[in-house]
Amino acid sequence: MTNTGLHFVVCTRGTSSDAQTVRSLRAHGLGENITVYENNQEGLPTCYNRVLNARQDLNEIVVFLHDDIAIWDIMLTAKLIHARGHLGYSIIGLAGAKTLDCNPNKNGIVGWDSGVGAPRSGAVEHELPNGQSFVITFGPTPAECEVIDGFFIGVDMRAIGKTRFDERFNFHFYDLDFCIAARKAGLRIGVTNIHVMHFSMGNFRSEKFHKAQIEFLSKHKQYVSRS
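Just so you know, we're using the working numbering here: the sequence shown kicks off at 28 and counts up by one.
Take a look at the structure:
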């Protein structure tokens, strides 16, 4: 697996120099391995599918990241290669759940972690307004999961085949939908322990989120209980 290549994809509404993720990858010496969509107004799935189509069948791991991530882990490359080669994950994340529950939680929200009592895996650091930080620990890693959070999605290009992101989900729910498609294609999804800081917590109250949730639940009715 030493010949495995890595390629990183970041979409940002600003420039490369504005994107925390790009700066972080460059600090790791990976500046030549990045595709950046600057001043981006397209949905993430549209950009991601473009990369998947262009790099299909290459012996590499393509990692799709949100633009507001700091990568603290000096073992980033080794851990990604280990997750693919030794653990056998075709889709690699940093936070996920071992079961998929598309029933809205008590706040009416559907998410990868909204299932009550669902076994979860991973950990993510977040920054507080005062400059301190805290780590959300979801559960032990590594672990095979059904769904992962979309802020970090690694894809084994040898295994992905024709599985793609659904471009109707511009941002919200593209990750859950992609995981469902990957599992239907027989791909293994897993979470590993790469240390990153994510500078946003997500917005689950916007009209765009609400509309996307309706679209998602309409597409995946089989994952919603009738009780």
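Positions of the beta carbon are idealized from the N, C-alpha and C atoms, including for glycine.
As the structure is a computational prediction, the values presented were derived from the model and not from experiment.
Query	Result
Taking the beta carbon of Ser44 as the centre, do at least 16 other beta carbons fall within 10 Å, making it buried, or is it exposed?	exposed
If Asn76 and Glu194 are in contact, beta carbons under 8 Å, what's the gap, nearest whole angstrom?	7 Å
Could you give the DSSP three-state label for Thr104: helix, strand or coil?	helix
Should the region 184-193 be regarded as contacting the region 81-89, the criterion being three or more beta carbon pairs within less than 8 Å?	yes
Measuring CA to CA, which of Val223, Ser160, Gly149, Gly70 is closest to Thr168?	Gly149
Can you tell me whether DSSP reads Gly32 as helix, strand or coil?	strand
Under a three-way DSSP split, which group does His153 fall into?	strand
Which first and last residues belong to the beta strand (DSSP E) in which Glu87 is found?	87-92
Suppose the cutoff is 7 Å on Cβ atoms and the five residues either side in sequence are ignored; what does the same chain contact list for Ile163 look like?	Ala150, Val151, His153
Measure the C-alpha to C-alpha separation of Gly56 and Phe196 and round it to an integer number of angstroms.	32 Å
Less than 8 Å between the C-beta atoms of Asp35 and Leu107, yes or no?	The displayed chain sequence assigns Phe, not Asp, to residue 35. The answer is no: Cβ separation not under 8 Å.
Is Trp139 buried or exposed, if buried means 16 or more other CB atoms sit within 10 Å of its CB?	buried
Measure from the alpha carbon of Ile180 to the alpha carbon of each residue in Asn134, Ile216, Gly58, then state which is nearest.	Ile216
Could you check what DSSP says for His222 in three-state terms: helix, strand or coil?	coil
Assign Gln240 to one of two classes, buried (16 or more other C-beta atoms within 10 Å of its C-beta) or exposed (fewer than that).	buried
Alpha carbon to alpha carbon, how far is Lys16 from Pro156?	Lying outside 28 to 254, the shown extent of the chain, residue 16 is not represented and no answer is given.
By the 10 Å Cβ neighbour count, where 16 or more other Cβ atoms means buried, how is Thr39 classified, buried or exposed?	buried
Please list the terminal residues of the continuous alpha helix (DSSP H) segment that includes Val63.	Looking at the DSSP string, Val63 is not in any alpha helix (DSSP H); the run it does join, the beta strand (DSSP E), is 61-64.
Anyone know if the C-beta pair for Asp95 and Gln47 falls short of 8 Å?	yes
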